[in-house]
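Worksheet: the structure to be examined is printed underneath.
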Amino acid sequence: MKRKALIAGNWKMHMTVLEGCRLAAEIVASCKDYTDREVLLAPPCTIISEVSHILAGSKIILSSHNVCWEEKGAFTGEISPTMLQDAGASCAIVGHSERRQVFFESDEVINKRLKGALAFGLMGILCIGETLEEREAGNTQAVLERQVRKGLADVPASQMKQVVLAYEPVWAIGTGVTASKEQVQETHAALRQLISEIYEKDIAEGLRILYGGSVKATNVDELMSQQDIDGALVGGAALDSISFARIINFE
Ligand SMILES: O=C[C@H](O)COP(=O)(O)O
-14 MKRKALIAGN
-4 WKMHMTVLEG
6 CRLAAEIVAS
16 CKDYTDREVL
26 LAPPCTIISE
36 VSHILAGSKI
46 ILSSHNVCWE
56 EKGAFTGEIS
66 PTMLQDAGAS
76 CAIVGHSERR
86 QVFFESDEVI
96 NKRLKGALAF
106 GLMGILCIGE
116 TLEEREAGNT
126 QAVLERQVRK
136 GLADVPASQM
146 KQVVLAYEPV
156 WAIGTGVTAS
166 KEQVQETHAA
176 LRQLISEIYE
186 KDIAEGLRIL
196 YGGSVKATNV
206 DELMSQQDID
216 GALVGGAALD
226 SISFARIINF
236 E
């Protein structure tokens, strides 16, 4: 099955309104009318609304970095799926390693966030990935399997079209160390096999699995040449329009 590639730029905690609007406009200008790939931007929530105006008329998808599972109520510090939609977003990232590591979000909380996003019709990017310590202890597969099974717990097959998986080994994020294309391909193939065991083969074949961790203009082509790498979740290199444009236009 031919899956549409997805190149996602995660701006993390960067960009004022002015900076973000300028970067978004530069990215819009560098996008072609693709049929084989999609582009997504995830700015901080403070500028989602302004960036949505810049993206209007383009096919670029707008995402948040996180989402609450409730529509409204006493959840200080949280943003609901409908608030995100109101601001112009149609996707939410959940379970990013920085949420797991720095803010101690558990698999259970991440699962609630994902189910909340899907229930309100958002696309959900579920991030998973092992730490260096877990890798060195030989626990990579077990950690990824736990994160996938718990992250997708009670997500019905009917909502899996809204889900994207992002494999981001923590040791490769922001470090300049990229996992090799062989390492990533092998991991993605194993993840696809796991998804076919949890759901069914067709769902696994249709699921997009992104790689994240020091993706750059210089390594995107070789990563994207692999059968089970369906796109990239890009951090640092997404903050520069020239680098990100090159990544979007991978060959
Ligand atoms: O969400 C993006 C990832 O954390 C990767 O970040 P990076 O490209 O700066 O390594």
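Anchor point for the sequence shown: position 104 equals 89 in the numbering used here, and the numbering is continuous, going up by one each time. We put the CB at the ideal spot given by N, CA and C, even for glycine.
Going by beta-carbon coordinates alone, are Ala27 and Ser43 separated by less than 8 angstroms? The beta carbons of Ala27 and Ser43 sit no closer together than 8 angstroms.
Which residue's Cα is closest to the Cα of Leu218: His81, Lys166, Met145, Thr20? Checked all of His81, Lys166, Met145, Thr20; the closest Cα to Leu218 is His81.
Quick check: does the Cβ of Ile158 come within less than 7 angstroms of any heavy atom belonging to ligand 1? Yes, the beta carbon of Ile158 sits closer than 7 angstroms to at least one heavy atom of ligand 1.
Any non-hydrogen atom of ligand 2 within 7 angstroms of Val200 CB: Although ligand 2 was asked about, the structure shown includes only ligand 1 as ligands.
Whose C-beta lies closer than 8 angstroms to the C-beta of Met(-2) among residues of the same chain, with five residues either side of it excluded? In chain order, Pro29 place their CB closer than 8 angstroms to the CB of Met(-2), counting only its own chain and leaving out the 5 sequence neighbours on each side.
For ligand 1, is there any heavy atom lying closer than 7 angstroms to the beta carbon of Glu220? Inspection of the sequence shows that residue 220 is occupied by Gly rather than by Glu. Answer for Gly220: yes, Cβ within range of ligand 1.
Using the Cβ count rule (16 or more neighbours within 10 Å means buried), how would you classify Phe88? Phe88 comes out exposed.
Mapping the DSSP letters down to three states, classify Ile95 as helix, strand or coil. In the structure shown, Ile95 adopts helical secondary structure according to DSSP, grouped into three states.
Classify Cys112 as helix, strand or coil using the three-state DSSP reduction. In the three-state reduction of the DSSP assignment, Cys112 falls in the strand class.
Counting along the chain, where does the alpha helix (DSSP H) carrying Ser37 start and finish? That run of the alpha helix (DSSP H) goes 33 to 40.
Any 3 or more C-beta pairs closer than 8 angstroms across the region 132 to 139 and the region 189 to 208: Taking a cut-off of 8 angstroms on C-beta distances, the region 132 to 139 does not touch the region 189 to 208, as fewer than three cross pairs fall below it.
For Glu23, which of helix, strand or coil comes out of DSSP? Strand at Glu23.
Check: Glu153 C-beta below 7 angstroms from any heavy atom of ligand 1: Relative to ligand 1, the nearest heavy atom lies less than 7 angstroms away from the CB of Glu153.
Integer Cβ distance of Ile78 from Cys53, believed to fall under 8 angstroms: The beta carbons of Ile78 and Cys53 sit about 13 angstroms from each other, so the pair does not count as a contact at 8 angstroms.
Under DSSP, the beta strand (DSSP E) around Arg193 begins and ends at which residues? Taken as a continuous stretch (DSSP letters only), the beta strand (DSSP E) holding Arg193 covers 193 to 197.
What residues in its chain sit with their C-beta under 6 angstroms from that of Val148, if we drop five residues either side in the sequence? Taken in chain order, the residues that qualify are Gly109.
Rounded to the nearest angstrom, what separates His173 and Ile232 at their Cα positions? Roughly 20 angstroms between the two C-alpha positions.
Proximity winner among Asn234, Glu236, Gly220, Phe235, relative to Met0 (alpha-carbon distances): For Met0, the closest C-alpha among the options Asn234, Glu236, Gly220, Phe235 is that of Gly220.
I believe Lys201 touches Ala222 by the beta-carbon criterion, under 8 angstroms. Please report the beta-carbon distance rounded to the nearest angstrom. Sure, about 5 angstroms apart at Cβ, within 8 angstroms.
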